[in-house]
Amino acid sequence: MENRFGVKDLVVFILIGIVITMVGLCMAQYDRQWELIRQANDKIDRQTADLARIQNLLARGVIAGPTSQPAAVSDAQSAGFERILKAESYPDYSTGDAVYDTFMAAPAKLTPLVSQEYTASQVQSFVLDTLMKRDPDTLKWVPSVAKSFTVSDDQLTIDFELRKGVVFADGSPLTADDVVFTMDFERNDSIEAIRARAYLDKLARVEKTGDYHVRFVFKEPYFMSFTIAAGTEILSRKFYSQFSPKEFNESTGLLFGSGPYRLSDPKNWHPMPGAPIELVRNERYWGVPPAIDRVVWKVIPNPSARVTAFRNGEIDSYDPTPEQYNGLCADNALVARTHHFAIEVPNAPYRYIAWNEKNNGEPTRFADKRVRQAMTMLLDRQTIVSDIVRGYGSVNTSCFSALTPQADPSIEPWPFDVARAQQMLTDAGYHLENGSLIGPDGKPFEFELNYNSSNSVLKQVAAYIKDSLGRAGINVNVKPGELSVLIDKMKARKFEVYLGGWSGVLESDPHQIFCTDAIAKTGDNFVSYSNPELDKLVDQARSTVKDELRNQIWHKVHRIIHEDQPYTFLYIEKSLNFVDGRFKNVMAVKTGVNPLQEWFVPLTDQKYK
Amino acid sequence: MLNYVIRRILLMFPTLLGITALVFFVMAYSPGGIGGQALEADAGSDSAVAAKIREYYEKRYGIHKPKIVQFGRWLNQISPLGLEIKDDGSLGHFGFKAPSLGDSMEQNRPVMHLIRERLPLTLLLNLVSIPIVYILGVATGIQAAKKRGGMFDTVSNATQLAMWSVPTIWAGVMLIGLLASRQYLKLFPTSGLYEVEAAHMAFLPHMVNHVLVRGYLLDVIWHLILPVICLSYGSSAFLTKLTRGSMLENLGADYTRTARAKGLPENVILYRHVLRNSTLALITVAAGILPSMLGGSIVVEWIFGIPGMGQLGVHAVQFRDREVVLAVTLIGGFVSLASQVLRDILYALADPRVSYE
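Below you can see the structure in the form of structure tokens.
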């Protein structure tokens, strides 16, 4: 038959066999080369580490030769590095190992200024240094690249003196030139540093006043001016001036700085979907080096996969929801091998109910302050915290966190007091009729409560509000919606009540959400709340650079917001964290868990090479 | 035949135009509008800052222009023949130019780069799972049809029905919970396509200091097992049913009876005559598989943290990222239409009776 296996077929089979064998051999040969490269890399790594240790010892003045420069770390011991130095003194202190963390979504690019995601800024914070940094425990500004600063009397000029001996990851020194370069670079219109540049509007110029001295001059006194100047991440002139603006804008991984960690190959880094992001320790770091060798972020979008990965020990740190936190805490074996924290932090997001005072241009029932105050007193916010957020939160009194000096500590939250609330409503002309509350206009009191439908916690809070106000005769129509639909409604100022949240910052600026000029369509004062006294005080605070003076004004602002209740402030969330137990020197500080630069793993517990 | 193919290809252009226009205008008129989330990212911040950011987006992406103008600009941008676009966004001379898919508003990167990064992942997942789906589906289908009503047929029928009914999202979470968790069996990784160590491994499995290192190849295979199971079980159940059904139909046909009557061996009847005639149904299904191969599986990608084309598309829609949404629509639309043409050609090849003249 014609299908018989012939000589021709035999030859074809032999040829295919030869090709397959050759491919296999090539791969084996390639792997041998790989092995040699790996060995060479190991050797270089060891030598770099040894060198770094020697440099560090020299810098700390143990063996100071006649030619060695006075280095940065010698004064580091007194400022900014206390907790790392304390960790170094523990008997089981050791360097090595890696930390595995997670991102829900990978950042699109790591290049500073042009990246937009929060995740990218998290990675950047390990690689780039700022002039000063906030101590995570005291929230005060402490020296980083700059060792001191002075603010002029007119509050327009801030002078910084830089430390000597600060170097970038390539060993080149960080000087005033780099600071000036960074600010010019950010303000260069051809660089797409859109968000960073928007904040620099009030900055007039930055000048070099010496090799290690820089001066920031502002156009007008502005309360954020110190944060802008001290908090700017410094870029290397030598590294970044190699690229044209177009190359920089289009780049994905040009992340290079003087921080404790570095990207191993910034010029060739590009996002590889599915691959973790890895930083390695900067062996040339000028400060006290961190103990952990590598920081790795895995991308795990699915929450149940994240919990499983943490249980498995595939990731070392995990921020659970209140529900997951309780679940994990119930697992004794897991609790025994992890650290866990529920910390009240000053920059946590807070939840509120926004009472719209002008719906579609018409004043609403909430235009009356007494009605807003009564609404707050009809809600038992402590029960919301204990039952819905499972105790992982606290009732707040304004947009200022009680943990920051911005808040007036003497202000107590409005109590849960139904009788007083009812009295206030009666004073405002409301009365009960057949169990429902009738307004001065003779119509029953009812409103629509909008919230983001994708948030399951808000759903429970909304049900609780409906129930509580229902008891007082108010009919609440709960109306969940997609966020973009809700935003459209609020922009058009066509809604009644909105249940939502704002993210928290260390110093909150109430201008955009409560001042009269933010009622116009671009502002976020979507409740149309207006109080001329508040406007004046906020403007005054915003143009005060000195912290103590400004905080005194913020206290007055706080009292007005508390009194006027444009929002009913519900609660501020706690920060919940789990960290693998092999890490030592992990502790709670004011802003959450202390930074991982301060952690270490004893040699016997180390998991990764 | 050639006439028909050319006609179909020419028809693709107006169809694609219609698809992209529909997607664009639905997106533009939906709440939030184009780039809605980019503009909302700064809610609560200083109004001067928010205004600056808005101004930037307007200048860079022209989102303040009338919607029809925006769509027109996009059409011009993807066309090889049209008005030249200068660096500052203004239009130049008419002529030939390099077509471009534009830049993503959210990621501030060329859309082409995003697709180039993500398409290989989606292709890898699908190229592994599609052969499994077909081999498993067709083989089980033939076996079930061969011994209709037998033990194998009954059992496979029940299991296929169960497999077809179980939603992927549930199966994926269960697989992770049971097969990738230390609480039960820790056999597989929870997510991703490879470990960070894999980058430092050689390609093949090998020994380092008497410890087996799995190597890059095994690491990737190990990571692919759960996602591939999730991707394939449902479709393979569907294909089994389909193959079994059309095999049974052909087994009862007159020509099969004739073949049996003239004494052909059973295997020849089954594989040479019946199976060949049953492939028409499989071809119809295959035409639907190609576009979904490029589209990616949103659910599987999300559960296992594999950022392929599915995630890119969904995320872009949430963000109202004009350029990415339109690019994904354009590619998806093109592949769907192309695979329909391909299907028609394959019909003609598989069945000589089919003619388009």
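Going down the list, the sequences are from chains V and E. Count the first sequence with this note's numbering and you get residues 2 to 610, in order. Count the second sequence with this note's numbering and you get residues 1037 to 1393, in order. The beta carbon of each residue, even a glycine, is placed where N, CA and C say it ideally should be.
For Y572 (chain V), the pairing in a beta bridge is given by DSSP as V:R352.
Per DSSP, the unbroken beta strand (DSSP E) holding F217 (chain V) starts and ends at H214 to F219. No Cβ-Cβ contact shorter than 8 Å links I278 (chain V) with A99 (chain V). Taking S1136 (chain E) as the centre and dropping the five residues before and after it, the same chain places the C-beta of Q1113 closer than 6 Å to its C-beta, in chain order. DSSP places S1333 (chain E) outside both helix and strand once states are collapsed to three, so it counts as coil.
V1335 (chain E) and T1190 (chain E) do not touch by the CB rule: their CB atoms are close to 30 Å apart, not below 8 Å. Listed in chain order, the positions of the segment 18-40 of chain V with a beta carbon within less than 7 Å of a beta carbon of chain E are M28, A29, Y31, D32, W35, E36 and R39.
Around the beta carbon of R282 (chain V), a 10 Å sphere encloses 16 or more other beta carbons of the protein chains shown; the residue is thus reported as buried. Nearest CB-CB separation between I45 (chain V) and chain E: not below the 8 Å threshold.
Here the C-alpha atom of G443 (chain V) lies approximately 58 Å from the C-alpha atom of K134 (chain V). Contact of W1338 (chain E) with chain V by beta-carbon distance below 7 Å involves P302 and N303. With a minimum length of 4 residues, the unbroken runs of alpha helix (DSSP H) contained wholly in the segment 385-452 of chain V fall at 419-428.
CA-CA distance, F1049 (chain E) to D320 (chain V), rounds to 49 Å. Taking the beta carbon of G1228 (chain E) as reference, the chain V residues within 9 Å of it are G275, A276, P277, K299, V300 and I301, listed in sequence order. Interface residue (Cβ-Cβ distance to chain E less than 8 Å): Y200 (chain V) is classified as such. The alpha-carbon separation between I293 (chain V) and L1373 (chain E) amounts to approximately 53 Å. For D317 (chain V), no CB of chain E lies under 8 Å from its own CB, so it is not counted at the interface with that chain.
Excluding the 5 residues flanking it on each side, R1154 (chain E) has same chain C-beta neighbours closer than 6 Å at G1344, M1345 and L1348, in chain order. If you draw a straight line from the Cα of P533 (chain V) to the Cα of A464 (chain V), it comes to about 35 Å. The C-beta of N1162 (chain E) comes no closer than 8 Å to any C-beta of chain V. Secondary structure remark: continuous alpha helix (DSSP H) runs of at least 4 residues inside the segment 290-349 of chain V, in chain order: 304-313, 323-330 and 333-337. Under the three-state reduction of DSSP, L132 (chain V) is assigned to coil, being neither helix nor strand. Going by beta carbons, V289 (chain V) and L86 (chain V) fall inside the 8 Å limit. Close to chain V, meaning a Cβ-Cβ distance shorter than 9 Å, are the following residues of the segment 1198-1232 of chain E: G1208, V1209, I1212, G1213, A1216, S1217, R1218, Q1219, K1222, P1225, T1226, S1227, G1228, L1229, Y1230, E1231 and V1232. DSSP places L204 (chain V) within a strand segment (E or B) once states are collapsed to three. For G260 (chain V), the closest of V:A109, V:E234 and V:F186 by C-alpha to C-alpha distance is V:E234.
Interface with chain V (8 Å Cβ-Cβ cutoff): L1260 (chain E) is excluded.
Rounded to the nearest angstrom, the gap between the Cα atoms of R373 (chain V) and I229 (chain V) is 37 Å. Within the same chain, and ignoring the five residues on either side of I301 (chain V) in sequence, the residues whose Cβ sits closer than 7 Å to its Cβ are T103, R307 and A310. According to the DSSP assignment, S1201 (chain E) belongs to the alpha helix (DSSP H) that extends over M1187 to S1201.
Residue environment: R1145 (chain E) is assigned as buried (16 or more neighbouring CB atoms within 10 Å of its CB, all protein chains considered). Judged by their CB atoms, G97 (chain V) and P350 (chain V) are not nearer to each other than the 8 Å cut-off.
Flagged as an interface residue toward chain E: A306 (chain V), by a C-beta distance shorter than 8 Å. Judged by DSSP in its simplified three-state form, N189 (chain V) adopts coil rather than helix or strand. Under DSSP, M1243 (chain E) takes part in a beta bridge, and its partners are E:L1248. Taking a 10 Å sphere around the C-beta of A420 (chain V), we find fewer than 16 other C-beta atoms and assign the residue as exposed.
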